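Enquirer:
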Amino acid sequence: MKRLKRIFHSAATAVAAVKGPTGSIRMVHAAASSFSSKESFIPEGVTGMTELDRSKFNKDVCLPFIRVGPAILGKINRTPTWDLLRKYGLRKLGNYMMVMPDPDDKEQRCIMFNPSIMGEEERKLILDALKKHTEDELKFEERQTTVTYEDLDTRALFQAVLPGGVNFSGFTHTGPVIHCNIRDELMPYRFVIGQILLDKVRSCKTVVNKIDCIKSEYRNFELELLAGEPNYIVDVIEEKMVFRLDFSKVFWNSRLSNEHKRIVNLLDGRSLVYDACAGVGPFILPAAKKKKCRKLFANDLNPDSTAYLIENIDLNKIDPNNLEVFTMDAVQFIREIAADDILKEIEKCKDPTWTPPSGAHIVMNLPGYAVNFLPAFRGLLHGRFSEDELPFPITVYCYLFIKALGEPHSTFVEKAREVVLEKLGWDKAEISHIHHVRTVSNFKEMFCVQVKLPVDLLKAEPNESVEPPTKRGRLADDAEDD
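Structure representation (structure tokens):
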């Protein structure tokens with residue numbers, strides 16, 4: 001990185017040097033609140049940039065600093081003086097940081113300060129604080145340098161490029177792919193945003209924008225390439241397991257890693273697991289590998305998801321003998337595959353020498369629509385089971401979004417309970433736990449409602465009102481925001 005020759009000079013000399021044409025060094029001694037780091041390090045003419053030109057970010061600046069001996073740094077550590085230095089100190093800027101070796105004297109250190117918040121009052125405050133810890137004569141000096149695009153972090157660059165009042169809120173990093181949700185007001189700047197992320201985020205090779213909410217039959221994104229390679233196949237590491245997937249064809253949300261772990265921790269070696277919306281396997285594969293559950297059944301409507309799930313079984317060296325994979329509608333999976341296997345396990349329990357399962361666990365992680373699968377449980381064992389008690393509990397984990405615009409946050413949990421009981425059509429169902437998974441956006445939360453299915457519900461007349469697969473799309477209004 002090319003830089004101007006570094007020059008050390010007194011503060012008085014630095015101030016004399018500020019007078020010059022545009023691009024020359026400017027040091028303005030003003031109150032900290034009167035100007036921002038953007039004004040200090042970012043040149044004019046980059047705001048509103050829609051095509052990235054890195055050369056336009058070059059700017060000559062003067063960085064204030066104080067030379068000190070290393071002994072004083074040890075004295076002031078964990079003192080109010082150190083807190084004061086951190087308040088006004090320079091955050092990492094390229095090769096510069098708050099405390100760095102003095103290039104002219106290996107025995108000395110330089111405490112660097114942010115020029116955008118350093119006025120005369122702040123300088124005096126800092127010198128007075130340091131003099132309490134040393135008898136050395138301390139003074140402010142200036143270092144002249146050129147700040148370039150390479151020196152600036154993503155926050156500074158977005159602050160520089162985006163017009164006032166327009167903010168880029170964040171992104172999701174999945175393997176080498178960065179996924180953004182570019183709002184309407186950011187659309188003119190989306191390719192600049194993508195290029196900055198590609199340049200600045202380590203390991204990033206591809207930046208994409210989700211064009212719309214998840215509303216396809218297979219719960220995958222429609223993507224727009226913003227920067228980098230058009231390669232969407234990634235290997236995601238979660239809890240020491242590898243999940244291979246094509247980000248453009250299947251659903252994955254890295255923000256759900258704690259939820260995957262939470263559900264798996266509820267299982268044991270005698271559990272029966274039926275994952276109705278298994279995706280590429282973030283619930284079912286750890287259950288197989290880490291908990292070694294007795295039997296596991298994974299299903300997804302998306303054939304790309306189940307193809308990658310099968311590949312991930314092999315990648316993670318999981319024994320496939322007690323794990324079956326299906327590609328069908330979730331309701332069909334629940335009423336046929338899950339019901340038949342549960343009945344087989346119930347029949348085995350008639351043998352007094354047989355150790356019954358600890359429980360059957362049916363996972364439905366399709367939060368935009370899973371509540372509509374709940375009617376399928378009414379009459380699941382109708383005409384095939386007549387006892388008054390089940391030999392093991394059957395628990396459903398239903399994921400859903402709750403919106404409560406303008407209502408108190410405390411109402412979200414109660415609304416989640418009401419929605420599940422209404423869809424299940426059985427007021428006496430035992431809701432054993434309602435877990436808040438994450439905040440999706442303002443007034444929109446994601447929950448997992450854990451329901452223990454009553455035997456009377458399972459034996460009742462079947463509910464024939466469940467919509468057929470052809471009508472079961474994901475509504476945009478219920479889709480995830482990321």
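With the first letter of the sequence shown counted as 1, position 215 gets the number 215 in UniProt numbering; the numbers rise by one all the way through. A virtual CB, placed ideally from N, CA and C, is assigned to each residue, including glycine. This structure is a prediction, so every number in the text was calculated from the model and none was measured.
Let me make sure I understand the geometry here. Which of Glu238, Ile117, Ile233 and Asp199 has the alpha-carbon closest to that of Leu226?
Expert: Comparing Cα positions, the closest option is Asp199.
Enquirer: Among Thr439, Cys293, Pro391 and Phe333, whose alpha-carbon lies nearest the alpha-carbon of Asn322?
Expert: Closest by alpha carbon: Cys293.
Enquirer: What span of residues does the alpha helix (DSSP H) with Lys139 cover, start to end?
Expert: Where Lys139 is concerned, there is no enclosing alpha helix (DSSP H), given that its DSSP letter is neither H nor E.
Enquirer: In the DSSP assignment, find the unbroken alpha helix (DSSP H) run with Tyr308 in it and report its ends.
Expert: Counting along the chain, the alpha helix (DSSP H) containing Tyr308 begins and ends at Pro303 to Leu315.
Enquirer: Given this structure, state the Cα-to-Cα distance separating Asp246 from Phe191, to the nearest angstrom.
Expert: Each residue's Cα considered, the two are about 22 Å apart.
Enquirer: Look up Phe401 in the DSSP assignment and give the residues it is bridged to.
Expert: Its beta-bridge partners are Met446.
Enquirer: Can you give me the start and stop residues for the beta strand (DSSP E) that Thr79 sits inside?
Expert: Careful: Thr79 lies outside any beta strand (DSSP E) and carries neither H nor E.
Enquirer: Can you tell me whether DSSP reads Met364 as helix, strand or coil?
Expert: Residue state, collapsed to three classes: strand.
Enquirer: What does the alpha-carbon distance come out to for the pair Lys403 and Phe443?
Expert: The straight-line gap from Cα to Cα measures roughly 6 Å.
Enquirer: State the beta-bridge partners of Met241 as determined by DSSP.
Expert: Partner(s): Glu238.
Enquirer: Starting from the Cα of Trp426, find the closest Cα among Pro391, Ile346 and Val451 and give me that residue.
Expert: Residue Val451 is the option with its Cα nearest to Trp426.
Enquirer: Which whole runs of the alpha helix (DSSP H) in the region 79 to 121 are 4 residues long or more, in chain order?
Expert: 80 to 88, all fully within the region 79 to 121.
Enquirer: Thinking C-beta only, is Leu400 closer than 8 Å to Ala370?
Expert: The answer is yes: Cβ separation under 8 Å.
Enquirer: Counting along the chain, where does the alpha helix (DSSP H) carrying Asp60 start and finish?
Expert: It is not in any alpha helix (DSSP H) - Asp60 instead sits in the beta strand (DSSP E) that spans Lys59 to Val68.
Enquirer: Going along the chain, which residues of its own chain have a beta-carbon closer than 6 Å to the beta-carbon of Thr411, five neighbours each way excluded?
Expert: The answer, listed in chain order, is Ala404.
Enquirer: For Val363, count the other beta carbons within 10 Å of its own beta carbon; 16 or more makes it buried, fewer makes it exposed. Which is it?
Expert: Per the 10 Å Cβ criterion, buried.
Enquirer: What does a CB cutoff of less than 6 Å around Cys349 pick up in its chain, not counting 5 residues either side in sequence?
Expert: Pro356 and Pro391, listed in sequence order.
Enquirer: Using C-beta distances below 8 Å, list every residue in its chain close to Phe125, excluding the 5 sequence neighbours before and after it, in chain order.
Expert: The question names Phe, yet the displayed sequence has Leu at residue 125. Here the set comprises Leu84.
Enquirer: By how many angstroms is the C-alpha of Leu285 removed from the C-alpha of Asp268?
Expert: Each residue's alpha carbon lies about 13 Å from the other.
Enquirer: What whole-angstrom Cβ distance do Asp314 and Thr306 have, given they're in contact under 8 Å?
Expert: With a Cβ gap of about 13 Å, Asp314 and Thr306 do not count as contacting.
Enquirer: Rounded to a whole number of angstroms, what is the C-alpha to C-alpha distance between Arg78 and Arg86?
Expert: Cα to Cα, the separation comes out at about 11 Å.
Enquirer: May I ask you to verify whether the region 136 to 143 touches the region 66 to 75, counting CB pairs closer than 8 Å and requiring at least 3?
Expert: With the cut-off at 8 Å, the region 136 to 143 and the region 66 to 75 touch.
Enquirer: What did DSSP end up calling Ser254 once you bin it into helix, strand or coil?
Expert: Looking at Ser254 - three-state DSSP - the assignment turns out to be helix.
Enquirer: Could you tell me if Leu127 is buried or exposed, where buried requires 16 or more neighbouring beta carbons within 10 angstroms of its beta carbon?
Expert: Exposed.
Enquirer: Can you tell which of Glu347, Ser248 and Ala360 has its C-alpha closest to the C-alpha of Ala338?
Expert: Answer by Cα proximity: Ala360.
Enquirer: Drop a sphere of 10 angstroms on the beta-carbon of Ile109, count the other beta-carbons inside from all chains shown, and report buried for 16 or more, exposed for fewer.
Expert: Going by the sequence as given, residue 109 is Arg instead of Ile. With 16 or more other Cβ atoms within 10 Å, it is buried.
Enquirer: The alpha helix (DSSP H) that contains Val161, what's its start and end?
Expert: Segment Thr154 to Val161, the alpha helix (DSSP H) holding Val161.
Enquirer: Straight-line CA distance for Asn365 to Tyr397?
Expert: Distance between the alpha carbons of Asn365 and Tyr397 is about 8 Å.
Enquirer: Are the CB atoms of Phe283 and Ile346 within a distance shorter than 8 Å?
Expert: No, Cβ-Cβ distance for Ile346 and Phe283 is not below 8 Å.
Enquirer: Can you give me the C-alpha to C-alpha distance between Tyr308 and Lys210, rounded to a whole angstrom?
Expert: Near 21 Å, if we compare the C-alpha coordinates of Lys210 and Tyr308.
Enquirer: Compute the distance between the beta-carbons of residue 484 and Phe447, then report whether it is under 8 Å.
Expert: Coverage of the chain is limited to positions 1 through 482, which leaves residue 484 absent and any answer about it impossible.
Enquirer: When you compare each of His173, Leu374, Thr353 and Asp304 to Gln332 by their alpha carbons, which one comes out closest?
Expert: When each option's Cα is compared against that of Gln332, the closest is Leu374.
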